[in-house]
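Before any comments, here is the structure.
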Amino acid sequence: MRRSSFANWPCSIARTMDLLGDWWTPLVLREAFYGVRRFDEFQQSLGIARNTLTDRLRRLVDEGLLEKQPYQTQPVRHDYVLTEMGRDFFGVLLAMNAWGDRWLADEQGPPIVFHHDRCGHRSRAAVVCDDCGEPMTADNTRPRLGPGYPARLAERADVRERFAD
15 MRRSSFANWP CSIARTMDLL GDWWTPLVLR EAFYGVRRFD EFQQSLGIAR
65 NTLTDRLRRL VDEGLLEKQP YQTQPVRHDY VLTEMGRDFF GVLLAMNAWG
115 DRWLADEQGP PIVFHHDRCG HRSRAAVVCD DCGEPMTADN TRPRLGPGYP
165 ARLAERADVR ERFAD
């Protein structure tokens with residue numbers, strides 16, 4: 015069964031899920047942040063089928079989150095290195111990790127913790143307003159139509175109702 019594409023939806027969440035919406039892709043990126051760079055290392059650390067890993071790495075390279083850098087010529091072998099776009103995904107992984115720690119960790123506690131080098135403390139992700147620094151929650155934050163929302167959809171009554179000022 016072929017899944018629907020969300021690549022052209024007027025929603026950044028949908029577009030992101032179109033790119034990263036299977037369970038292996040975020041895990042491949044997680045391993046890249048943990049320092050894994052080579053195909054066999056990804057395969058070993060994840061226990062992922064080689065053909066699945068090949069597909070995920072190709073997609074991440076094609077979409078600009080990873081780049082291939084040759085480290086051997088006979089036969090040709092590549093490191094998979096995070097690009098700026100890929101490194102920018104770190105906050106998403108931290109947010110997912112924080113949510114999982116809160117709601118899915120067992121009584122022993124979180125399996126992985128993060129240490130913020132600049133201040134020297136163990137830390138977790140928090141979503142805050144980039145203007146005032148206050149936490150953003152579902153209770154104090156509302157979505158509004160942005161400049162990239164298609165005008166033909168913005169005219170619909172159901173859309174205007176959902177995104178009313």
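Read left to right, the sequence shown gives residues 15 to 179 (our numbering). Ideal placement from N, C-alpha and C gives every residue a C-beta, glycine not left out.
Exposed unless 16 or more other CB atoms sit within 10 angstroms - verdict on residue i
i, result
"residue 48", "exposed"
"residue 90", "exposed"
"residue 85", "exposed"
"residue 34", "buried"
"residue 178", "exposed"
C-beta atoms of residue i and residue j nearer than 9 Å
i, j, result
"residue 138", "residue 119", "no"
"residue 77", "residue 99", "yes"
"residue 38", "residue 64", "no"
"residue 67", "residue 57", "yes"
"residue 124", "residue 131", "no"
"residue 142", "residue 159", "no"
"residue 136", "residue 92", "no"
"residue 176", "residue 157", "yes"
Neighbourhood of residue i by C-beta distance below 8 Å, restricted to the same chain and skipping five residues each side
i, result
"residue 74", "39, 42, 43, 80, 94 and 100"
"residue 140", "112 and 149"
"residue 31", "20"
"residue 28", "20"
"residue 105", "139"
Supposed close pair residue i, residue j - CB separation, criterion 8 Å
i, j, result
"residue 96", "residue 128", "About 17 Å; that fails the 8 Å criterion."
Own chain partners of residue i with C-beta closer than 7 Å, once the 5 adjacent residues on each side are dropped
i, result
"residue 59", "45 and 50"
"residue 164", "24"
"residue 167", "24 and 173"
Beta-carbon proximity list for residue i, same chain, < 6 Å, skipping 5 on both sides
i, result
"residue 103", "43"
In chain order, what are the residue ranges of uninterrupted beta strand (DSSP E) at least 3 long that sit wholly in the stretch 109 to 135? Within the stretch 109 to 135, the complete beta strand (DSSP E) runs of at least 3 residues are 128 to 130.
Return the chain-ordered ranges of every alpha helix (DSSP H) run that is complete within the stretch 20 to 49 and spans a minimum of 4 residues. 26 to 34 and 38 to 47
Along the chain, which unbroken stretches of the beta strand (DSSP E) at least 3 residues long are found entirely within the stretch 131 to 160? 135 to 137
Please list the segments of the beta strand (DSSP E) lying wholly inside the stretch 79 to 103, counting only runs of 3 or more residues, in order along the chain. Taken in chain order, the complete beta strand (DSSP E) segments of 3 residues or longer contained in the stretch 79 to 103 are 80 to 87 and 90 to 96.
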